[in-house]
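Participant: One structure is given below, represented as structure tokens, and several questions about it will come after.
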Amino acid sequence: MRRIAEYIKSNSSGTIIYVFLVVSILLLITVILNHGLYIGLALSFLPLTVLVIYFLIRNPFLALSVLFILNYYVSGLSRYITVLSPGITMDILIVLVIIIILLNILSGKQSVELSNIVNGLTFAAFIWLIYCVFLVLNPTNFSFYGWFQSARGVTIYFLLISLISALILKKFKEVRYMLYIWAVLSLTAVLKAYIQKNFGFDYAEWRWLYASGGRTHIINTGIRYFSFYPDAANFGTGIAFAGVVFGFVALTFKDKWAKIFFIFTSAACAYGMMISGTRGSLAVPFVGMFVYAILSRKFNILIVSVIATALAFGILKYTDIGSGNVFVRRMRTAFDPSDASFKVRIDNQAKLRDYMQDKPFGAGIGMARKRSDKYEPNYYLSKIPTDSWYVLIWVETGIVGLILHLGILIYIVGYGTFLVYFKLRDREVKGVVMSLVSGISGVYVASYSIEIMGQFPTGFILYLGMTIIFLSPKFDKELIEKEESLLLLSEADEKEM
1 MRRIAEYIKS NSSGTIIYVF LVVSILLLIT VILNHGLYIG LALSFLPLTV
51 LVIYFLIRNP FLALSVLFIL NYYVSGLSRY ITVLSPGITM DILIVLVIII
101 ILLNILSGKQ SVELSNIVNG LTFAAFIWLI YCVFLVLNPT NFSFYGWFQS
151 ARGVTIYFLL ISLISALILK KFKEVRYMLY IWAVLSLTAV LKAYIQKNFG
201 FDYAEWRWLY ASGGRTHIIN TGIRYFSFYP DAANFGTGIA FAGVVFGFVA
251 LTFKDKWAKI FFIFTSAACA YGMMISGTRG SLAVPFVGMF VYAILSRKFN
301 ILIVSVIATA LAFGILKYTD IGSGNVFVRR MRTAFDPSDA SFKVRIDNQA
351 KLRDYMQDKP FGAGIGMARK RSDKYEPNYY LSKIPTDSWY VLIWVETGIV
401 GLILHLGILI YIVGYGTFLV YFKLRDREVK GVVMSLVSGI SGVYVASYSI
451 EIMGQFPTGF ILYLGMTIIF LSPKFDKELI EKEESLLLLS EADEKEM
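In structure tokens form, the structure reads like this:
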């Protein structure tokens, strides 16, 4: 016994590990025998989960990156894991990141920047949330559950993602990392769409198409490809947004390989937009190019942008060039006022206009589109698709809500424009803000025909981009001070020589 005691004392750390492993294995076997294999497997991942959370608490930026990546793939994963709800999954992940931030603050690590949350974006998002909470009292809202289900995409995610991003993004190098992560994710999305087009859909995608997506994705003008996104409309607009941002970022970054990477990614995104067959996504590059030309304040860029936009419009509107390509034919219908889907959209808006005349605060959040049938059977609005983010906001929050919402959106790009014109001095920071304002402006216009701003993954990316715009003065100051300090050091070295 004495020898055993001495051995344990001299090898205490190793012995504890061995004992822990033996006890853990016995416990795992007991759980599997009594509760089944799946419960046992879930338990076996618990130590790894604890370790991951520990590292995330020490590095909240890693937590934001993981959240960003999972946001990008969650809709696609739900096709393979049918019990996976994108909304509930993202709710849980966002709450976990908030807990990680709080634990980081309590631990004294202070890897987050509390002062960052005091900005115009979070204030605007909070005002919008307050208005939407007020609408719970709307007598036309039949269901609080319906309100909560829809309010997440309409307002709650806007505030939470803006707060999380503002707290975690401290340095401009983190903005660069996020751009690279977004670019890699975009390339995987385009690759997935390319595989769908050239090798066909897999079993999960066919199941989704048979269940609900086929009606809008396998049509007489061809097949619309959707990649990991919820649908082709979301994919086309979201990937066009990425393409615009990366195309202009390539003009901004100094590193040659970074330029090549972002130019390639932008071109790949343009291909993804085309094969999505989403007509509304055309607004993103056209509007983005025009806004960037205005922000650059260079007359030659503005002229080139106007000519390129007019030329593209003229070819699609007044010629048959490229009509042999199914995707060009699909895009061409966006400029045809006699298009059947366009006429249906106009007719639906006329019906909604009549219904909304006596509802200045809307019909209630969650009461638009077919989903309202779950809360009020045979509800009139459940039979009329909104087919537009702004029409959705108008129907659910009223003309008052629509005016407030549009005011917030205009304020965001207006503030970004103000920063570019009068505040920002560093070339890279200014270039990133110009790229984001241009891309976001394009999404604004495209949202007239697509309900995209509150959906995964584009909504998250939009709110992150907006946060970067509002934090840009801090990043600008960081890089200018760094440049000035390097200049002073250089001058000091020259004097010594």
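In terms of this note's numbering, the sequence shown opens at residue 1 and continues consecutively.
Note that CB positions come from ideal geometry on N, CA and C, so glycine has one too.
For Ile-461, which beta-bridge partners are listed by DSSP?
Facilitator: The residue given as residue 461 occupies position 461 in the sequence shown. DSSP lists no partner for Ile-461.
Participant: When DSSP labels each residue in this structure, what does Ile-219 get in the three-state scheme?
Facilitator: Within the sequence shown, numbered from 1, the residue matching residue 219 stands at position 219. Residue state, collapsed to three classes: strand.
Participant: Which of the three DSSP states, helix, strand or coil, is assigned to Met-356?
Facilitator: Here residue 356 refers to the residue found at position 356 when the sequence shown is read from its first residue. Correct three-state label for Met-356: coil.
Participant: What is the residue span of the alpha helix (DSSP H) that Ile-105 lies within?
Facilitator: As a working mapping, residue 105 is identified with position 105 in the sequence shown. Note, Ile-105: alpha helix (DSSP H), 86-106.
Participant: Any chance you could list the alpha helix (DSSP H) runs of at least 4 consecutive residues sitting entirely within the segment 385-465, in chain order?
Facilitator: Within the segment 385-465, the complete alpha helix (DSSP H) runs of at least 4 residues are 389-418, 427-446.
Participant: Give the straight-line distance between the Cα atoms of Lys-171 and Glu-478, rounded to the nearest whole angstrom.
Facilitator: Translated into positions along the sequence shown, residue 171 becomes position 171. Translated into positions along the sequence shown, residue 478 becomes position 478. Distance between the alpha carbons of Lys-171 and Glu-478 is about 8 Å.
Participant: Span of the alpha helix (DSSP H) holding Phe-172?
Facilitator: Taking the first residue of the sequence shown as position 1, residue 172 is located at position 172. Looking at the DSSP string, the run of the alpha helix (DSSP H) that includes Phe-172 is 172-199.
Participant: Would you mind working out which of Ile-99, Gly-76, Gln-149, Leu-64 sits nearest Met-178, comparing C-alpha positions?
Facilitator: Within the sequence shown, the letter at position 178 stands for residue 178. Considering only alpha carbons, the answer is Leu-64.
Participant: Kindly indicate which three-state DSSP category Lys-298 falls into: helix, strand or coil?
Facilitator: Here the question's residue 298 lines up with position 298 in the sequence shown. It is coil, neither helix nor strand.
Participant: With a threshold of 16 other CB atoms inside 10 Å of the CB of Asp-358, please say whether the residue is buried or exposed.
Facilitator: As a working mapping, residue 358 is identified with position 358 in the sequence shown. By the neighbour-count rule (16 or more Cβ atoms within 10 Å), Asp-358 is not buried but exposed.
Participant: For Phe-253, does the three-state DSSP call read helix, strand or coil?
Facilitator: Here residue 253 is taken as the residue at index 253 of the sequence shown, counted from 1. Residue state, collapsed to three classes: coil.
Participant: Does the distance from the CB of Phe-228 to the CB of Ser-276 come in under 8 Å?
Facilitator: Within the sequence shown, numbered from 1, the residue matching residue 228 stands at position 228. Within the sequence shown, numbered from 1, the residue matching residue 276 stands at position 276. Cβ atoms of Phe-228 and Ser-276: not closer than 8 Å.
Participant: Could you give the DSSP three-state label for Arg-279: helix, strand or coil?
Facilitator: Working through the sequence shown from its first residue, we reach residue 279 at position 279. Helix at Arg-279.
Participant: Taking the C-alpha atoms as reference points, what is the distance between Gly-280 and Gly-407?
Facilitator: Here residue 280 refers to the residue found at position 280 when the sequence shown is read from its first residue. Here residue 407 refers to the residue found at position 407 when the sequence shown is read from its first residue. Distance between the alpha carbons of Gly-280 and Gly-407 is about 22 Å.
Participant: Relative to the alpha-carbon of Lys-474, which residue among Thr-309, Asn-119, Leu-251 has its alpha-carbon at the smallest distance?
Facilitator: Here the question's residue 474 lines up with position 474 in the sequence shown. When each option's Cα is compared against that of Lys-474, the closest is Asn-119.
Participant: At a cut-off of 7 Å, would you count Thr-386 as near the ligand ATP, judging by its Cβ distance to the nearest heavy atom?
Facilitator: For the structure depicted, the ligand ATP is absent and the ligand set is empty, with no information on it obtainable.
Participant: If we call anything under 8 Å between Cβ atoms a contact, is Met-453 one with Gly-459?
Facilitator: The residue you call residue 453 lines up with position 453 of the sequence shown. The residue you call residue 459 lines up with position 459 of the sequence shown. In contact: Met-453 and Gly-459 (Cβ atoms closer than 8 Å).
Participant: Should Asn-300 be labelled buried (16 or more other beta-carbon atoms within 10 Å of its own) or exposed?
Facilitator: Here residue 300 refers to the residue found at position 300 of the sequence shown. Exposed: under 16 other Cβ atoms inside 10 Å.
Participant: Any idea if Ala-310 is buried or exposed, counting beta-carbon neighbours within 10 angstroms, 16 or more meaning buried?
Facilitator: Here residue 310 refers to the residue found at position 310 of the sequence shown. Looking at its Cβ environment, which holds fewer than 16 other Cβ atoms inside 10 Å, Ala-310 is exposed.
Participant: If Leu-410 and Ile-469 are in contact, beta carbons under 8 Å, what's the gap, nearest whole angstrom?
Facilitator: Here residue 410 corresponds to residue number 410 of the sequence shown, with the count starting at 1. Here residue 469 corresponds to residue number 469 of the sequence shown, with the count starting at 1. One detail in the question is off: residue 410 reads as Ile in this sequence, not Leu. Contact flag wrong, Cβ pair sits at about 13 Å.
Participant: Determine the extent of the alpha helix (DSSP H) in which Glu-205 is found, giving its start and end residues.
Facilitator: Position 205 of the sequence shown holds residue 205. Its alpha helix (DSSP H) spans residues 203-208.
Participant: What are the boundary residues of the alpha helix (DSSP H) that includes Ser-227?
Facilitator: Walking along the sequence shown from the start, residue 227 turns up at place 227. Note, Ser-227: premise wrong, no alpha helix (DSSP H); not H, not E.
Participant: Nearest-angstrom Cα distance between Phe-61 and Ile-403?
Facilitator: Position 61 of the sequence shown, counting from 1, holds the residue named residue 61. Position 403 of the sequence shown, counting from 1, holds the residue named residue 403. Cα-Cα distance, rounded: 35 Å.
Participant: Compute the Euclidean distance between the alpha carbons of Phe-241 and Glu-451, then round it to the nearest angstrom.
Facilitator: The residue given as residue 241 occupies position 241 in the sequence shown. The residue given as residue 451 occupies position 451 in the sequence shown. For Phe-241 and Glu-451, the distance between alpha carbons rounds to 15 Å.
Participant: Please return the same chain residues whose Cβ sits closer than 8 Å to the Cβ of Ser-441, not counting the five positions on each side in sequence.
Facilitator: As a working note, residue 441 is residue 441 in the sequence shown. Excluding sequence neighbours, Ser-441 sits near Val-287, Gly-288, Val-291, Val-413.
Participant: Where does Leu-486 sit, in a helix, a strand or coil, going by DSSP?
Facilitator: Looking up residue 486 in the sequence shown gives position 486. Three-state result, Leu-486: helix.
Participant: Return helix, strand or coil for Lys-9, following the three-state DSSP convention.
Facilitator: Translated into the one-based positions of the sequence shown, residue 9 becomes position 9. Legend: pLDDT at Lys-9 = 45, less than 50; position of this residue unreliable, value from coordinates given subsequently. Residue state, collapsed to three classes: helix.
Participant: Just to confirm, are Tyr-271 and Val-184 a CB contact at a threshold of 8 Å?
Facilitator: Position 271 of the sequence shown, counting from 1, holds the residue named residue 271. Position 184 of the sequence shown, counting from 1, holds the residue named residue 184. Not closer than 8 Å, so no.
Participant: Using CA atoms only, rank isn't needed, just tell me which of Ile-303, Thr-82, Gly-76, Pro-139 is closest to Phe-361.
Facilitator: Counting from one through the sequence shown, the residue named residue 361 turns up at place 361. Considering only alpha carbons, the answer is Pro-139.
Participant: Candidates Ile-99, Thr-386, Tyr-380: which alpha carbon is nearest Ile-498's?
Facilitator: The structure shown does not extend to residue 498, since the chain is modelled only from 1 to 497, so the question has no answer here.
Participant: Just checking, does the segment 149-169 make contact with the segment 93-108 on the three C-beta pairs under 8 Å criterion?
Facilitator: The segment 149-169, when compared against the segment 93-108, does touch it at the 8 Å Cβ threshold.
Participant: Please report the straight-line C-alpha distance between Gly-268 and Gly-243, rounded to a whole angstrom.
Facilitator: Indexing the sequence shown from 1 puts residue 268 at position 268. Indexing the sequence shown from 1 puts residue 243 at position 243. The question names Gly, but residue 268 is Ala in the sequence shown. Spanning the two alpha carbons is a distance of roughly 8 Å.
Participant: Going by the beta-carbon positions, is the gap between Val-443 and Val-249 smaller than 8 Å?
Facilitator: Your numbering for residue 443 matches position 443 in the sequence shown. Your numbering for residue 249 matches position 249 in the sequence shown. The answer is no: Cβ separation not under 8 Å.
Participant: For Pro-285, does the three-state DSSP call read helix, strand or coil?
Facilitator: Start at 1 with the first residue of the sequence shown, and residue 285 comes out as number 285. Here Pro-285 sits in helix by DSSP.
Participant: I need the DSSP call for Phe-290, collapsed to helix, strand or coil.
Facilitator: Here residue 290 refers to the residue found at position 290 when the sequence shown is read from its first residue. Reduced to three states, the DSSP call for Phe-290 is helix.
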